[in-house]
Amino acid sequence: MVRAFTLMAVVLLAAPTPADDTFKLTGENTTLKFVGKKTDGTHTGGFKTITGTCTCGGDPTTMKIECVIDCASLYSDDEKLTAHLKGPDFFNAKENPTATFKSTKVAKDGDKVTITGDLTLLGKTKPVTMTCACAHKDGTLDLKSEFTIDRTQWGMTYGEGKIEKDVALTLSIACKK
């Protein structure tokens with residue numbers, strides 16, 4: 002009897018509470034943009050197709066994010082560069098058509114939240130941490146973050162010495178339930 006009650010309590014605690022909202026992430030309500038720097042300038046771009054979910058309740062530390070980024074939907078400020086970024090020197094979109102992010106920990110950081118998760122690019126999974134401004138109320142979610150990743154951690158080493166290894170990313174989510 003005690004074992005059955007304990008098991009039931011664990012299941013209930015793990016299930017989303019009625020106060021939790023699940024938001025569908027799409028390329029229309031979720032943007033992921035990048036800025037890459039090189040010795041003679043910068044280039045901007047992003048991804049048009051993102052899918053996934055974000056579940057959050059009254060406590061922001063219970064937030065869960067899972068998303069898939071379509072690497073073939075990559076765009077940049079230069080058509081020739083876009084083709085190069087999709088190729089084997091960078092995202093290798095034919096061999097690795099998607100990148101994924103799955104949150105593993107969310108912590109309060111003053112009036113913001115710090116989200117840590119696993120980012121998988123080119124078949125390699127590395128942890129990424131971002132500090133976000135986040136508002137969740139009345140069936141809406143607004144989340145914004147600016148952070149950097151070191152592209153070489155995933156094997157993107159093309160242009161070392163000419164192209165900076167740190168890439169600035171901007172994530173923006175604006176969803177309604």
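Residues 2 to 178 (our numbering) make up the sequence shown, in order.
Every residue gets a Cβ at the ideal spot worked out from N, C-alpha and C, and that includes glycine.
Taking only three categories from DSSP, how would you classify residue i?
| i | result |
| --- | --- |
| HIS40 | Per the sequence shown, the amino acid found at residue 40 is Thr instead of His. DSSP places THR40 in coil when its eight states are reduced to three. |
| ALA73 | helix |
| LEU82 | helix |
| LYS87 | helix |
| THR62 | helix |
| THR132 | strand |
| GLN27 | For clarity, residue 27 is Thr in the given sequence; the question names Gln instead. DSSP places THR27 in coil when its eight states are reduced to three. |
| THR158 | coil |
| ASP22 | strand |
| ASP110 | strand |
| ALA175 | strand |
Closest by CA to residue i, which one among the options?
| i | options | result |
| --- | --- | --- |
| ASP112 | LYS38, SER173, PRO61, LYS103 | PRO61 |
| GLY46 | THR32, THR126, HIS137 | THR32 |
| SER77 | LYS25, LYS49, THR99 | LYS49 |
| GLY53 | ASP79, ASN30, PHE35, THR43 | ASN30 |
| PHE35 | ALA175, LYS178, CYS176, VAL168 | VAL168 |
| GLY28 | ILE150, LEU75, LEU122, VAL114 | LEU75 |
| GLY89 | SER104, LYS65, LEU122 | Gly is not the amino acid found at residue 89; the sequence shown has Pro there. PRO89 has its Cα closest to that of LEU122, out of SER104, LYS65, LEU122. |
From residue i to residue j, what does the alpha carbon distance come to, in whole angstroms?
| i | j | result |
| --- | --- | --- |
| SER173 | GLY162 | 30 Å |
| PRO128 | LEU120 | 6 Å |
| GLY118 | VAL107 | 9 Å |
| ASP21 | ALA136 | 14 Å |
| PHE148 | GLN154 | 15 Å |
| ILE164 | CYS72 | 20 Å |
| GLY69 | THR63 | The amino acid at residue 69 is misidentified as Gly; the sequence shows Val. Going by the C-alpha atoms only, they are around 20 Å apart. |
| GLY58 | LYS145 | 18 Å |
| ASN93 | LYS138 | 39 Å |
| ASN97 | LYS109 | 34 Å |
| THR158 | THR130 | 21 Å |
| LYS103 | GLY42 | 32 Å |
| ARG152 | GLY160 | 11 Å |
With 16 other CB atoms within 10 Å as the buried threshold, where does residue i fall?
| i | result |
| --- | --- |
| LYS87 | buried |
| ALA84 | exposed |
| ALA134 | exposed |
| PHE24 | buried |
| GLY124 | exposed |
| GLY156 | exposed |
| GLY37 | buried |
| MET2 | Legend: pLDDT at MET2 = 47, less than 50; position of this residue unreliable, value from coordinates given subsequently. Counting Cβ neighbours within 10 Å, MET2 comes out exposed, since fewer than 16 surround it. |
Name the one or two DSSP bridge partners that residue i has.
| i | result |
| --- | --- |
| PHE92 | Paired residue(s): none; PHE92 is not in a bridge. |
| LYS103 | GLU67, ASP119 |
| ASP167 | ASP151 |
| THR50 | Per DSSP, none; premise fails for THR50. |
| ASP143 | ALA136, ALA175 |
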